[in-house]
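Residue numbers (the working numbering): 35 to 401.
No residue lacks a Cβ here, since even glycine has one placed at the ideal position from N, Cα and C.
These notes concern the structure reproduced below.
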């Protein structure tokens, strides 16, 4: 840093906040506990982790790993219990200096308000998405159908990055939907511990109810269930991968996150219309496009409002950020900080800046 005199020495340093609370979700119970907790501890903070009540065991195992790695007592701490009690205490406790939350938009926004009641405290949130894929007339439809299927139905659509809506050029919509349905028909639903099973159950009864309600709503409002639409709740929470067409683009099912294997497909007349619809949401986590036109791809990259974007990705239209390769974070209602996990700026969020100026005894007199 600069100085105002030879007797003055100034530097700017980054210091930890103190204690970070981490509230992790059920769907990636190790990665989304270890990533935030690790970032906080690397920056010099201590951590209190509250794992999801639907997946507490992984939080416990992570705590055992931290203990076995030799962390001093008190650096990593684990609490379990419902969000209504334990989560609320983390938000209200003035001994918590910062918070990391991964979960729904509704809960994340509630934490944003509650955690900053007395004064601003840092909060890092990743709050899901309603992630669009755009399929243009120039697309490789085989690749597009594969990428959409994998992204929409992998892990039952229970990824914040899952592809839950598609905007396809009207001229190729029929062919695209046929190819998508053909691939979806090959998905095996069943016991996830079996190697030949591609899709297992959703996490709980509430999620299964969300799925069945969405199917009923789509049928009621004139949508066509191209495949799926069924659920087996007798031996667990098993929905079928479902593709719906024919709903108006303004329909709720194009805009609300469901977190189940339910995909809506809408037809558009241009890339501009597709981009308008894709951006017309509170979310901005991931997005993808399938096109062999370089100008279309560049316009998509320049216009789409999402923190993670993919082009012509057969492995997953909107999913699959890889540690060390892609950073992962959301815009708009999908994230609060603008700094992505797995990226080069992530750890800095757990630090605050302090400017230090030291004057020596030889300071010249003030004139």
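Closest to residue i by CA distance: which of the options is it?
| i | options | result |
| --- | --- | --- |
| residue 446 | 71, 142, 42 and 112 | There is simply no residue 446 to check, as the chain begins at 35 and stops at 401 in what is shown. |
| residue 206 | 292, 218, 303 and 99 | 303 |
| residue 88 | 185, 241, 227 and 211 | 241 |
| residue 51 | 70, 377 and 79 | 79 |
| residue 174 | 351, 42 and 135 | 351 |
| residue 377 | 355, 211 and 151 | 355 |
| residue 277 | 214, 163, 237 and 270 | 214 |
| residue 281 | 345, 251, 177 and 155 | 251 |
| residue 402 | 237, 165 and 264 | The requested residue 402 is not part of the displayed model; the chain covers only 35 to 401. |
| residue 7 | 120, 134, 152 and 40 | There is no way to answer for residue 7, as the model of the chain reaches only from 35 to 401. |
| residue 353 | 41, 382, 225 and 166 | 166 |
| residue 117 | 208, 247, 226 and 144 | 144 |
| residue 268 | 38, 235, 291 and 392 | 235 |
| residue 271 | 233, 345 and 307 | 233 |
| residue 292 | 330, 245, 390 and 279 | 245 |
| residue 153 | 163, 131 and 161 | 131 |
| residue 91 | 71, 100, 63 and 74 | 63 |
| residue 65 | 285, 289, 151 and 96 | 96 |
| residue 69 | 36, 237, 160 and 120 | 160 |
| residue 231 | 202, 275, 203 and 243 | 275 |
| residue 188 | 209, 226 and 148 | 226 |
| residue 408 | 331, 139, 208 and 202 | Outside the shown range of the chain, which is 35 to 401, sits residue 408, and nothing can be said about it. |
| residue 208 | 237, 146, 176 and 43 | 176 |
| residue 162 | 253, 139, 147 and 149 | 139 |
| residue 375 | 149, 147, 202 and 71 | 71 |
| residue 110 | 258, 204 and 99 | 99 |
Output the boundary residues of the alpha helix (DSSP H) element that contains residue i.
| i | result |
| --- | --- |
| residue 330 | 328-337 |
| residue 125 | 122-126 |
| residue 362 | Where residue 362 is concerned, there is no enclosing alpha helix (DSSP H), given that its DSSP letter is neither H nor E. |
| residue 187 | 175-187 |
| residue 40 | Here residue 40 belongs to no alpha helix (DSSP H), and DSSP marks it neither H nor E. |
| residue 245 | 239-254 |
| residue 311 | 305-313 |
| residue 216 | 207-219 |
Is the beta carbon of residue i sitting closer than 8 Å to the one on residue j?
| i | j | result |
| --- | --- | --- |
| residue 103 | residue 384 | no |
| residue 322 | residue 108 | no |
| residue 93 | residue 112 | yes |
| residue 239 | residue 61 | no |
| residue 219 | residue 261 | yes |
| residue 300 | residue 319 | no |
| residue 190 | residue 295 | yes |
| residue 169 | residue 200 | yes |
| residue 48 | residue 386 | yes |
| residue 309 | residue 298 | no |
| residue 349 | residue 184 | yes |
| residue 195 | residue 186 | no |
| residue 327 | residue 172 | yes |
| residue 178 | residue 362 | no |
| residue 45 | residue 390 | yes |
| residue 41 | residue 394 | yes |
| residue 285 | residue 255 | yes |
| residue 373 | residue 290 | no |
| residue 211 | residue 151 | no |
Along the beta strand (DSSP E) that carries residue i, what are the first and last residues, could you check?
| i | result |
| --- | --- |
| residue 321 | 320-324 |
| residue 198 | 197-203 |
| residue 53 | 53-57 |
| residue 260 | 258-261 |
Comparing the C-beta of residue i with each C-beta of chain D, is any distance below 8 Å?
| i | result |
| --- | --- |
| residue 212 | The structure shown contains no chain D; it holds only a single protein chain. |
Touching by the beta-carbon criterion (3+ pairs, under 8 Å), the segment 80-95 and the segment 40-58: yes
Which ranges does the beta strand (DSSP E) cover as unbroken runs of at least 3 residues, wholly within the segment 73-113, from first to last along the chain? 80-84 and 110-112
Margin query: For the pair the segment 116-136 and the segment 308-323, tell me if three or more CB-CB distances fall below 8 Å.
Written below: no
Could you name each continuous alpha helix (DSSP H) segment of 4 residues or more that falls completely within the segment 127-176, going from the start of the chain to the end? 139-149
Open item on the list: Could you check whether the segment 355-367 touches the segment 330-343, counting it as contact only if at least three pairs of C-beta atoms, one from each stretch, sit closer than 8 Å?
Closed with: yes
Exercise for review: Write down every uninterrupted run of the beta strand (DSSP E) in the segment 341-392 whose length is 3 residues or greater and which is fully enclosed by it, in chain order.
Suggested key: 342-345
> Where in the segment 276-305 do unbroken runs of the beta strand (DSSP E), each at least 3 residues long, occur, reported from the N-terminal end onward?
Replying inline: 276-279 and 296-302
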